[in-house]
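In the numbering used here, the protein residues as written are 23 to 357.
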Ligand SMILES: NC(=O)NCCC[C@H](N)C(=O)O
């Protein structure tokens, strides 16, 4: 059976049905197993295909997951910056994508600046090849799907009623985007998890659109979504403790100076052993990395047996390979 996913963009988790995301994770499992067994069954799946990777900001895991992934499937990754693509010169999204669509087979874009998602939507309007959101101002879908895949692995596919905590942390040197937290609160309730968003106060809440989607998804899938202003209470009984910093962007917009002051007014939001001991003893600790050790998480937790941060990072590659195989190639599904 054809999946119908060929050519489909991946700009936001909500654009894909649960069934489509399950198909992606099925394919990711097969590709991961192929790597583990060194069987090389899929070395030519995307033979001679080119993936463009347009980065407005630097990246470690995302870039390498895409680049190693396309190489392993027989294709080629082409790294681009706004300067290299003459976007700095004022080239329009239409001109950029019309040209790239005639040469390559997929394009990933990272642009976490305000308007990053709108830029991707403009590209998508003219694109004849799939566009992958490599993190924008609103969403980070290739990270959240790797996280979901990791949770399914760790809990043997039993997610119903698991308590998933996404907590803000006091990482205060600059205002990080909201996209990671927004992706997590909207995606996890769709797969049965009860999501708790922990923030010091209303100023650190996420965009109303994301909060509303999280609530609606929880209602539709029979799970829960709640907001809590106490990190200890949030960690109590958790199955998953995921914690990272972001700026109070809803309260201050792009006023970085005020935002940083507000972050620094809330010290001590850090995952340490005491907080992990409030969670279930089978709980896992997650972070998309780069983690600010000593501020977001102690070394003791990040390096503990409960920490799955390196599995998450590895799973970026397997899930991204599946995404590319399904949308750039001719993979069929058994579902
Ligand atoms: N694994 C990732 O793709 N991590 C990106 C997160 C970095 C970004 N500065 C953020 O804090 O959201």
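Think of the CB as a built atom: it goes at the ideal place given N, C-alpha and C, for glycine as much as any other residue.
Notebook entry, point to check: What residues match up with residue 46 in a beta bridge as DSSP calls it?
Noted result: Looking at the DSSP assignment, residue 46 forms no beta bridge with any residue, so it has no partner.
Next item on the list: Specify, as a first and last residue, the run of the alpha helix (DSSP H) that residue 285 falls within.
Entry: Counting along the chain, residue 285 sits inside the alpha helix (DSSP H) bounded by residues 278-286.
Next item on the list: Could you round the C-beta distance between residue 295 and residue 323 to whole angstroms and report it? I think they count as a contact, below 8 Å.
Entry: 6 Å
Margin query: Taking 7 Å as the cut-off, is the C-beta of residue 199 nearer than that to any heavy atom in ligand 1?
Written below: yes
Next item on the list: Assuming residue 250 contacts residue 218 (C-beta within less than 8 Å), just tell me the rounded distance between them.
Entry: 5 Å
Next item on the list: Would you tell me roughly how many angstroms separate the C-alpha atoms of residue 353 and residue 43, rounded to the nearest one?
Entry: Rounded to the nearest angstrom, the two C-alpha atoms are 14 Å apart.
Check: In whole angstroms, what is the alpha-carbon distance linking residue 340 and residue 91?
Finding: 7 Å
Next item on the list: Please go through the stretch 267-337 and give each complete beta strand (DSSP E) segment of 3 or more residues, from N-terminal end onward.
Entry: 306-308
Next item on the list: Return the chain-ordered list of same chain residues with a C-beta closer than 6 Å to the C-beta of residue 71, the five sequence neighbours on each side being excluded.
Entry: Setting aside the 5 residues that flank it on each side, residue 71 is surrounded in the same chain by 97, 127, 350, each with a C-beta closer than 6 Å to its C-beta; the list follows chain order.
Margin query: Which complete alpha helix (DSSP H) runs does the stretch 158-189 hold, if anything under 4 residues is left out?
Written below: 163-176
Margin query: Along the chain, where does the alpha helix (DSSP H) containing residue 257 start, and where does it finish?
Written below: 253-257
Check: Which ranges does the beta strand (DSSP E) cover as unbroken runs of at least 3 residues, wholly within the stretch 134-160, from first to last along the chain?
Finding: 153-158
Item checked: Start and end residues, beta strand (DSSP E) containing residue 245 -> Note, residue 245: premise wrong, no beta strand (DSSP E); not H, not E.
Checklist line | Start-to-end residues for the alpha helix (DSSP H) that takes in residue 202 | finding: 201-209
Next item on the list: Classify residue 287 as buried or exposed, calling it buried when 16 or more other Cβ atoms lie within 10 Å of its own Cβ.
Entry: exposed
Item checked: Straight-line Cα distance separating residue 244 from residue 104 -> Each residue's alpha carbon lies about 43 Å from the other.
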